[in-house]
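*Asks:* Take a look at this one; I'll ask things after.
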Amino acid sequence: MLLSVQILRAIAAVLVVVCHAVHKQGQLSGDGSIWEFGGSGVDLFFIISGFIMCHVTAGRRTTAREFLSARFLRIVPLYWTLTLVALAAYVANPALVNSSGGVTDVFGSFVLVPTGAKFLIQTGWTLSYEFWFYIVFAASLRFALRGRLFFVSAVMLALVVLGIVARPADFTARFLTDPLLLEFVMGIGAYLYLRSTFCRPLCNLLLLTVGLLALVGLSAFDPHVNRVLIYGIPFMLIFCAVVGGESAIRSISRSVIVRACCALGDASYSLYLSHPFALAAAGFAIRHFGIQRDAAVSVASLCLVASIAGYACYSVVEVNLNRHAKAALRRLRRVAQPVDQHL
6 MLLSVQILRA IAAVLVVVCH AVHKQGQLSG DGSIWEFGGS GVDLFFIISG FIMCHVTAGR
66 RTTAREFLSA RFLRIVPLYW TLTLVALAAY VANPALVNSS GGVTDVFGSF VLVPTGAKFL
126 IQTGWTLSYE FWFYIVFAAS LRFALRGRLF FVSAVMLALV VLGIVARPAD FTARFLTDPL
186 LLEFVMGIGA YLYLRSTFCR PLCNLLLLTV GLLALVGLSA FDPHVNRVLI YGIPFMLIFC
246 AVVGGESAIR SISRSVIVRA CCALGDASYS LYLSHPFALA AAGFAIRHFG IQRDAAVSVA
306 SLCLVASIAG YACYSVVEVN LNRHAKAALR RLRRVAQPVD QHL
């Protein structure tokens, strides 16, 4: 795995955790504090996903069934496990889940079909986008690499244009044609850049500078207006620059900071899914001890607890689930081979 990508995964997860920690602090103190910029971690995750799907399938022959099976077994077991935990809490006391209010869709939480209601795990909505992207990507696997990337990009762009032109009233249709799909295309664009002759240290430095300046400058605007422009494009430039500097990062791979970031990157999926549970539990303790009176200490405590819990979830739950999932995938491939030979 690329160390640079792991570091970016860690950054994306931490941004989301801090965003929700600030929101939790606002609930605890009653001041309604929010930090919308932290939500940009989702945009970075989508760009990473677009790149990774290109990276892991390049030079490999794989069928749509194998690809989707691998994605399902990588994403769903941990998500369903934590969703069951959330369901138990919801049955015991509905107020413990999605405390910010709104209708909770229990069935939709498991099948990841967006309906406008909230999922049992508040971050689950992003997985609906992920699987929509996986389905489109799986359909492209019959093509060679360039045709594959063109197909996915064209379909995603067409869906967004359709959404803009048709303005569907149905929530699911709006969701599946949202401009956020373009961030997966940005990941594909980043992959093409990193394989090109333009990917040189000077170009990477320029991209990093422009990306950071754009991120700072555009963050002053309301992300609800056009988050793809405000967060997506700057993060795509930053992503290209950081991954383009993979060799430089590897030269300092033994440093404490890089190792810590990579460890957090390994645990980023667990951290992303489990942190709402950790923040809820830590919130009770913070309110009990009156720590919410000091916003900085409260937010730092929430983030620390969430990070520790996220890494524990990764080490104890996700790693074991992944091991079983890989074994299941190997069995699936062995069963599928005799069938394929008779087709």
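Under my numbering, the letters of the sequence shown match residues 6 to 348, in that order.
We put the CB at the ideal spot given by N, CA and C, even for glycine.
1. Less than 7 Å between C-beta atoms, sequence neighbours within five positions excluded: which residues of the same chain meet that for G249?
2. Need the endpoints of the alpha helix (DSSP H) that L9 sits in, please.
3. Using a Cβ-Cβ distance under 8 Å, would L162 count as near chain B?
4. Just to confirm, is the Cβ distance from F124 to G107 under 8 Å?
5. Out of F289, F294 and L278, which has the shortest C-alpha to C-alpha gap to A17?
6. Alpha carbons only, please: which of G288, I52, T131 and F282 is nearest the one belonging to L87?
7. Start and end of the alpha helix (DSSP H) containing T86?
8. Quick check on R328: buried or exposed, where buried means 16 or more other Cβ atoms within 10 Å of its Cβ?
9. For a minimum of 4 consecutive residues, which ranges assigned as the alpha helix (DSSP H) are wholly contained in the segment 162 to 232?
10. Kindly indicate which three-state DSSP category T120 falls into: helix, strand or coil?
11. Where does L13 land, buried or exposed, given buried means 16+ other C-beta within 10 angstroms?
12. Among F42, S34 and R70, whose alpha-carbon lies nearest the alpha-carbon of V233?
13. Residues in its own chain within less than 7 Å of A75 by CB, not counting five upstream and five downstream?
14. Tell me, which residues are paired with T109 by DSSP?
15. Taking the alpha carbon of S133 as the point to measure from, which residue in D183, G168 and I169 has its own alpha carbon closest?
16. For P119 versus F180, is the C-beta distance shorter than 8 Å?
17. If distances are taken between C-alpha atoms only, which option among Y196, L276, V340 and Y319 comes closest to H25?
18. In whole angstroms, what is the alpha-carbon distance linking F136 and F189?
19. Where E71 and W130 are concerned, what is the direct C-alpha to C-alpha distance, given to the nearest angstrom?
20. Kindly indicate the opening and closing residues of the alpha helix (DSSP H) around A265.
21. Report yes if the C-beta distance between F191 and I52 is below 8 Å; otherwise report no.
22. With a threshold of 7 Å on Cβ separation, who are the neighbours of K29 within its own chain once the five nearest residues in sequence on each side are excluded?
23. Given this structure, state the Cα-to-Cα distance separating A246 from L207, to the nearest angstrom.
24. Ignore the nearest five residues each way along the sequence and tell me which others in S158's own chain have a CB closer than 7 Å to its CB.
25. Classify L348 as buried or exposed, calling it buried when 16 or more other Cβ atoms lie within 10 Å of its own Cβ.
26. Run through DSSP, which three-state label would W137 get?
*Replies:* The structure says:
1. Translated into the one-based positions of the sequence shown, residue 249 becomes position 244. Closer than 7 Å at Cβ, skipping near neighbours: L199, C204 and N209.
2. As a first step, residue 9 is located in the sequence shown; it is residue number 4 there, counting from the start. Checking the sequence shown, residue 9 turns out to be Ser, not Leu. Taken as a continuous stretch (DSSP letters only), the alpha helix (DSSP H) holding S9 covers L8 to S34.
3. Although the question refers to chain B, the structure presented lacks it and comprises just one protein chain.
4. Residue mapping note: residue 124 aligns to position 119 of the sequence shown, counting from 1. Residue mapping note: residue 107 aligns to position 102 of the sequence shown, counting from 1. Result no, Cβ atoms of F124 and G107 do not sit closer than 8 Å.
5. Numbered from its first residue, the sequence shown carries residue 17 at position 12. Cα-wise, what sits closest to A17 is L278.
6. Translated into the one-based positions of the sequence shown, residue 87 becomes position 82. Of G288, I52, T131 and F282, the residue nearest in Cα terms is F282.
7. Within the sequence shown, numbered from 1, the residue matching residue 86 stands at position 81. It spans A69 to A97 - the alpha helix (DSSP H) in which T86 sits, taken as one unbroken run.
8. One-based indexing of the sequence shown puts residue 328 at position 323. Exposed, since its Cβ has fewer than 16 Cβ neighbours within 10 Å.
9. 176 to 180, 187 to 200, 206 to 223 and 228 to 232
10. As a position in the sequence shown, residue 120 is number 115, starting the count at 1. DSSP places T120 in coil when its eight states are reduced to three.
11. Locating residue 13 in the sequence shown gives position 8, counting from the first residue. It counts as buried.
12. Sequence index remark: in the sequence shown, residue 233 carries index 228 (1-based). The option with the nearest alpha carbon to V233 is F42.
13. Reading the sequence shown from its first residue, position 70 is the one you call residue 75. Only L334 meet the Cβ criterion.
14. Against the sequence shown, residue 109 aligns to sequence position 104. In the DSSP output, where bridge partners are listed per residue, T109 has K123.
15. In the sequence shown, the residue the question calls residue 133 occupies position 128. If we check each option's Cα against that of S133, D183 comes out closest.
16. Start at 1 with the first residue of the sequence shown, and residue 119 comes out as number 114. Start at 1 with the first residue of the sequence shown, and residue 180 comes out as number 175. Yes, Cβ-Cβ distance for P119 and F180 is below 8 Å.
17. Counting from one through the sequence shown, the residue named residue 25 turns up at place 20. It is L276 whose Cα lies nearest to the Cα of H25.
18. As a working mapping, residue 136 is identified with position 131 in the sequence shown. As a working mapping, residue 189 is identified with position 184 in the sequence shown. Near 12 Å, if we compare the C-alpha coordinates of F189 and F136.
19. Against the sequence shown, residue 71 aligns to sequence position 66. Against the sequence shown, residue 130 aligns to sequence position 125. When rounded, the distance between both Cα atoms is 24 Å.
20. Numbered from its first residue, the sequence shown carries residue 265 at position 260. Note, A265: alpha helix (DSSP H), V261 to D271.
21. Position 186 of the sequence shown, counting from 1, holds the residue named residue 191. Position 47 of the sequence shown, counting from 1, holds the residue named residue 52. Strictly speaking, residue 191 in this sequence is Met, with Phe absent from that position. Yes, these two residues count as a Cβ contact at 8 Å.
22. To locate residue 29, count along the sequence shown from 1; it is residue 24. Taken in chain order, the residues that qualify are L284, G288 and L307.
23. By 1-based counting over the sequence shown, the position of residue 246 is 241. By 1-based counting over the sequence shown, the position of residue 207 is 202. Answer to the nearest angstrom: the Cα atoms are 10 Å apart.
24. As a working mapping, residue 158 is identified with position 153 in the sequence shown. V190 and I193, listed in sequence order.
25. What you label residue 348 is simply residue 343 of the sequence shown in a count that begins at 1. Note that L348 scores 47 on pLDDT, short of 50, meaning its location in the model is unreliable; the coordinates nonetheless yield the value given after this. That one is exposed.
26. Counting from one through the sequence shown, the residue named residue 137 turns up at place 132. W137 falls in the helix class under three-state DSSP.
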